[in-house]
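Enquirer:
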Amino acid sequence: MLYIKCPYCGLRAQKEFSYGGDATVKRPNINEEVSSEDWDNFVYMRKSPRGKHIELWQHIAGCRQWIKVQRDTATHEIFQTAKVTEEIR
Amino acid sequence: MSQPFRLNKEGLINRKKKISFTFNGKKLFGYEGDTIASALIANGIHLVGRSFKYHRPRGFFGAGVEEPNAKLQVEFNGHSEPNVNATEMELVEGLSATSQNCWPSVNFDIGAINNFLKMFFPAGFYYKTFMWPKSFWYKIYEPFIRKAAGLGVASIEKDKERYEHKFEYCDLLVTGSGPSGLASAYAAAKNGAKVILAEDKPRFGGTLLTDDVSIDNLSGKDWAEKIITELKSMPNVTVKNRSQVFGYYDHNMLVMFERVSDHLEKKSKFTPRQRLWYIRAKETILSTGSIERPIVFGNNDTPGIFLSAAAKEYMKVYGVLVGKKPLIFTNNDSAYETALEFKKNNVEPIILDTREEHSSELIDEAKSKGIDIRFSHGVIVANGYKKVKSAKIGKLNKDKNSFEKIETVDCDCICVSGFWTPSVHLASQSGNKLKYEEKIDAFIPDKKKQHETSVGAANGSFTLEESLKHGFENGSNLSAKITETKTEISIPNVNEKKYGAHDKFWCMPLPKNENPKRFVDFQNDVSVSDIEIALREGYRSIEHVKRYTTLGMATDQGRTSNLNGLQLVSNIENKIVPEVGHTTFRPPFTPITIGTIVGREVGMEYMPTRKTPMHEWHEKNNAVFVDAGAWKRPRYYKQGSETLFEASKREAKNVRENVGICDVTTLGKIDIKGPDAAEFLNRVYTNAWMKLPVGKARYGLMLREDGIVMDDGTTTRISENHYHMTTTTAQAANVLSHLEYYLQIVWPELNVNVVSTTEQWAGAAIAGPKSRDMLSKLYPELDVSNDALPFMGYKEAEFFGVPSRIFRISFSGELAYEINVKSDHGMFMWEKMMEVGKEFGNQPYGTEALSTLRIEMGHVAGPELDGRTIPSDVSLNGLVSKKKDFIGKNSLGREAFNVESRQKIVGLIPIDRKSSIPEGSHIVQDQNAKLPNPKLGHVSSSCWSVENNNPFSLAIMKDGKNMIGKKFFAVSPLKNKSIEVEVISSHYVDPEGKRVRS
Ligand SMILES: [Zn+2]
């Protein structure tokens, strides 16, 4: 079970979180034209990297904030966590 | 009553307390502190089971977790448990143990014929034999395998015991209380660290209990006791015996299995049987010690053959002799300690040492005590079927592959030692890539992967001095980093015997023309020849050899067999062992009960139960409940001997004719506030929300970004910047997360807050032509006329003195209202409604009637919004705005969503107007067509239309709208039904929606 540091609540067990996918995907702006290709990429296309991956988790059984987690998909090592408004480098 | 193999005074057992038990029906005695194994051996019983494949007689081999053979069916405390390790289970009064895997008895086992048909069971036997013909599988092969395979019998009774889970955090977790573990725990405790020390066995001390050593002039055992006593007195230390750390998971989480009360004669009702600990440790000391490995020789599975350290442990801990005429077969010095212990107890051993004549401290001591030592010797084959009687021994030539001399000696036990294998399972589970240590012919942990530090024998250090030193140092350094305190500890003086070098010898050669079975893996009956066959047949990877031969795959995880298996593969393949590599270690280290894994999450505690504030009323009024997620909802209210069908028909009919009330508390409710709330809703829903006036509700449809319908519900504008959203019961949690996702990540610039208020409001729907009359009685002061409170209107008013919200919305398709009051007032509201509604013929209705009402009206719900439908599939395209953008809009243009033959919702009625159509039925053109019969659609919801008094179903059907008027078959192979149906409109009742507006 992973041990995830919520930027608001501190280290908490994985049980308290739910997974939310790739955090680097940006939704096309609302009310703006978007090409079919860009839209399809946004809806369907995801990388499945082996190694570092910045992903979203929601602290559903805690503060309910969505957060960013940089995790190694092979080893589960977590390098960094951040608020969604913050950048992970 | 006498125990012929019990020594007079040795051991740590309590001789004052006799314990009676039975084995295979025979009444026997042991002492408190015995294991089942030690008590049986004390009684001279060695034959305890039959082997897995060949049903060969098997006895005890070890004295703890390493035991591969002695798995018993044990009955105690009123339950029966299979595969209990006799060397671990403590003896308790009244326990009854029986042998497994034998019939009719362990002494005469019919399956043993397999032993004489061994050409029938080579490696890969199951793969080869049971392949063909296919028709044999079900009737012949499977029952045969089931009967022949498997060990004990699982109980079919409900487990009455209590199991618990516990979550714990600590600075340092120490796994094993041998010398290095005790030293680590002690040093860390002195630094003020929060320490958990876990010991698998009932007694602390590990090898200190059996080795002839002294520390600071105390015996090993006394020193261990002193340290444990001190640790127990420290508030920052938790000391746990009978507790095995069996798994090392991500982020330094370890899982421990504690045997809390099986050894107790009496326990309170609330004492759990076993407890599972989830321990998040900052640092972990792995002091799991090592396990002696055997040397392979002929018939090495005969009862009476032991690991040499196990024989010593039986003498020193349990005061039990494994035999009175022992042969000690060794390639190293440690077995000499076993020989000396026998000698001390007036038993004359013969030592067979594979090494050439040489000298060491222990060899010299044995010589000086007059022990018969034969160098360059080993056991070729053990004789005796149910117990060792003698052994053919050989003097090895220099090449160690042939014999100078062969003779037979009498013996009643053989104690074998092929050197030591560090227990590296936890390190390996943590991700540590192990490395092969040439010096000890075994794998030890390599570079740290998580926060695991292996010390002592688990790290390949086999001297006490080194173990203690590493323990103190690592315990102190690791904890000092956490507590920032360092207490100096002087490392105690140690007195131990110095061992000479061991012999890299692991398998006895066979003389020409002799071919006895030589087992590598006892528990799975894998012999040297099995592994040879696997390699001959082309298996190379050790993982493949393992699976093909089942080497190391039994419940003992190959603790005594893995390294010898590797040696064999490396010999045949001419590779060195590290090139062959090792197989993966997986948790749990030893079998744990399912009960422990489940813990308290059984029965009613399996998941939380959500009850509405009106639950008790429903219960009192014969509601039959149905699970809706965690909620309990009344499915129907049973009157007399009514069936579900009859009751739901009655309830639904009453709503159509009079008025009914339904508990709708379970609907998801989300409070939405903020100046940008309208804009937010406008983006979340497919329809327009900017112009909804205060005091009005609107039906809304929510999509996922891929265009699929996510949820539907009504949202009401309570005030300028305040909305009340409802979701379906099932999607409530998902919708909240969905809204939070967009507010926090995608559009943080929107000033909106959302919060779940599902638990805060109790809700009741009042539906039926007489609902307005009933409402006016509930709110005598309020104007509830169609003009004052029109369809989709909203009002706040006092309900007999308590605040309430009135929504004129309808799920049933009838004139209907929904009243919300604070949860605390829910029961009050409900009872008032029942009282006031009497004169209008009001009856409560459950989810079954609710479904009937919505289905015949053609209102879609979960079965139609099944994660595969877009708005136009379910005739909701009228709610999709063409003017504005919203979540999922761009996906609706996808080609596949817009083809002419796209699936659409339709209604179905059976041609005979009688046969109910099973939900899930497939719609086909020709019921007798050749398979696979093309599927045109499926039946999503079915009901008995109370309005038209015949069955009616909703279906999602290819090109549905153009099928109206045509006839098809609804086929349900599951129910073995085929019903001819006619396609009609999905709106079977009141298609214009007049009633809700009346
Ligand atoms: Zn949090």
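Chains A and B supply the protein sequences, listed in that same order.
The opening position of the first sequence corresponds to residue 2 in the numbering used here, with each subsequent residue numbered one higher.
The opening position of the second sequence corresponds to residue 2 in the numbering used here, with each subsequent residue numbered one higher.
Ideal Cβ positions, reconstructed from N, Cα and C, are used throughout, including at glycine.
Using the Cβ count rule (16 or more neighbours within 10 Å means buried), how would you classify Arg998/B?
Expert: Exposed.
Enquirer: Spell out whether any CB of chain B is found under 8 Å from the CB atom of Arg72/A.
Expert: It does not; no Cβ of chain B falls within 8 Å.
Enquirer: What does a CB cutoff of less than 8 Å around Phe800/B pick up in its chain, not counting 5 residues either side in sequence?
Expert: The residues are Leu779, Tyr780, Ile820, Val822, His826, Met830, Lys833.
Enquirer: Per DSSP, what kind of secondary structure is Ile46/B in: helix, strand or coil?
Expert: It is coil, neither helix nor strand.
Enquirer: Can you have a look at Asp927/B and say buried or exposed, based on whether 16 or more other CB atoms are within 10 angstroms of its CB?
Expert: Classification of Asp927/B: exposed, given that the 10 Å Cβ count is below 16.
Enquirer: What does Asp991/B reach in chain A if we use C-beta pairs closer than 7 Å?
Expert: None at all; the shortest Cβ gap to chain A is about 37 Å.
Enquirer: Mind checking if Ile746/B is an interface residue toward chain A, Cβ cutoff 8 Å exclusive?
Expert: Closer than 8 Å: yes.
Enquirer: Does Ser431/B get closer than 8 Å to chain A when you measure Cβ to Cβ?
Expert: Closer than 8 Å: no.
Enquirer: What three-state label does DSSP hand Ser772/B in the structure shown?
Expert: Correct three-state label for Ser772/B: helix.
Enquirer: Could you tell me the boundaries of the beta strand (DSSP E) in which Ala971/B lies?
Expert: Start and end: 968-973.
Enquirer: For Val925/B, I'd like the list of residues in its chain whose CB is within less than 6 Å of its CB, leaving aside the five on either flank, ordered along the chain.
Expert: Closer than 6 Å at the Cβ level, and outside the excluded window around Val925/B, lie Asn934, Phe970, Val972.
Enquirer: Which of helix, strand or coil does DSSP assign to Tyr187/B?
Expert: It is helical.
Enquirer: In chain order, what residues of the segment 56-84 of chain A put their CB closer than 8 Å to some CB of chain B?
Expert: So the close ones are Leu57, Gln59, Ile61, Arg65, Gln66, Trp67, Thr76, His77, Ile79.
Enquirer: Please indicate yes or no: does the CB of His80/B lie closer than 7 Å to some heavy atom of ligand 1?
Expert: Outside the cutoff, so no.
Enquirer: Please compile the residues from chain A whose C-beta is within a distance smaller than 7 Å of the C-beta of Asn891/B.
Expert: The answer, in chain order, is Val35, Trp40.
Enquirer: Residues of chain B with a CB under 8 Å from the CB of Met46/A: which are they?
Expert: Going along chain B, no residue has its Cβ under 8 Å from Met46/A, so there is no contact; the nearest lies around 12 Å.
Enquirer: If you draw a straight line from the C-alpha of Phe18/A to the C-alpha of Val599/B, how long is it?
Expert: Those two C-alpha atoms are separated by around 21 Å.
Enquirer: How is the beta strand (DSSP E) around Met858/B delimited, first residue to last?
Expert: Here Met858/B belongs to no beta strand (DSSP E); instead the alpha helix (DSSP H) covers 848-858.
Enquirer: Identify the contact partners of His252/B in chain A, using a Cβ-Cβ distance below 8 Å as the criterion.
Expert: Those within 8 Å of His252/B in chain A are Met2, Leu3, Tyr4, His77, Ile79.
Enquirer: Could you spell out the range, first to last residue, of the beta strand (DSSP E) harbouring Tyr386/B?
Expert: Neither: Tyr386/B is in no beta strand (DSSP E) and is coded neither H nor E.
Enquirer: Roughly how far, in whole angstroms, is the beta-carbon of Thr550/B from the beta-carbon of Ile573/B, given that I think they are within contact range, below 8 Å?
Expert: Contact flag wrong, Cβ pair sits at about 13 Å.
Enquirer: I want to verify the contact list: residues of chain B whose CB lies under 8 Å from the CB of Thr86/A, in sequence order.
Expert: The contacting residues are Pro749.
Enquirer: As a quick exercise: from Phe473/B, Pro952/B, Ala502/B, pick the residue whose alpha carbon is nearest that of Asp442/B.
Expert: Per the Cα distances, Ala502/B.
Enquirer: Quick one: grab the DSSP three-state call for Ile719/B.
Expert: The answer is strand: DSSP assigns Ile719/B an E or B state.
Enquirer: May I ask you to report which of helix, strand or coil DSSP gives Pro579/B?
Expert: It is helical.
Enquirer: Classify Pro609/B as buried or exposed, calling it buried when 16 or more other Cβ atoms lie within 10 Å of its own Cβ.
Expert: Exposed, because fewer than 16 other Cβ atoms sit within 10 Å of the Cβ of Pro609/B.
Enquirer: Can you confirm whether Glu82/B, when its beta carbon is compared against all beta carbons of chain A, has any partner nearer than 8 Å?
Expert: No, because no Cβ of chain A sits closer than 8 Å to the Cβ of Glu82/B.
Enquirer: Determine the DSSP secondary structure at Phe330/B, reduced to helix, strand or coil.
Expert: If DSSP states are grouped into helix, strand and coil, Phe330/B belongs with the strands.
Enquirer: Please specify which runs of the beta strand (DSSP E), each continuous and at least 3 residues long, are wholly inside the segment 787-875 of chain B, giving them in chain order.
Expert: You should have 795-800, 803-808, 817-823.
Enquirer: Can you pull the chain A residues whose beta carbon is under 9 Å from the beta carbon of Asp1000/B, in chain order?
Expert: With chain B running from 2 to 999 in the structure shown, residue 1000/B is simply not present.
Enquirer: With distances taken Cα to Cα, identify the nearest neighbour of Thr597/B among Thr230/B, Val261/B, Thr99/B.
Expert: For Thr597/B, the nearest C-alpha among the options comes from Val261/B.
Enquirer: Taking only heavy atoms of ligand 1 into account, decide whether any of them is closer than 7 Å to the Cβ of Gly539/B.
Expert: Outside the cutoff, so no.
Enquirer: Run through the DSSP bridge pairs and tell me what Glu91/B is partnered with.
Expert: Bridge partners of Glu91/B: Thr36/B.
Enquirer: Please confirm whether Ile31/A has its beta-carbon closer than 8 Å to some beta-carbon of chain B.
Expert: Yes, Ile31/A lies at the interface with chain B (some Cβ there is under 8 Å from its Cβ).
Enquirer: Answer with buried or exposed for Asn950/B, where buried requires no fewer than 16 other C-beta atoms within 10 angstroms of its C-beta.
Expert: So Asn950/B counts as exposed.
Enquirer: Determine the extent of the beta strand (DSSP E) in which Asn84/B is found, giving its start and end residues.
Expert: That run of the beta strand (DSSP E) goes 80-86.
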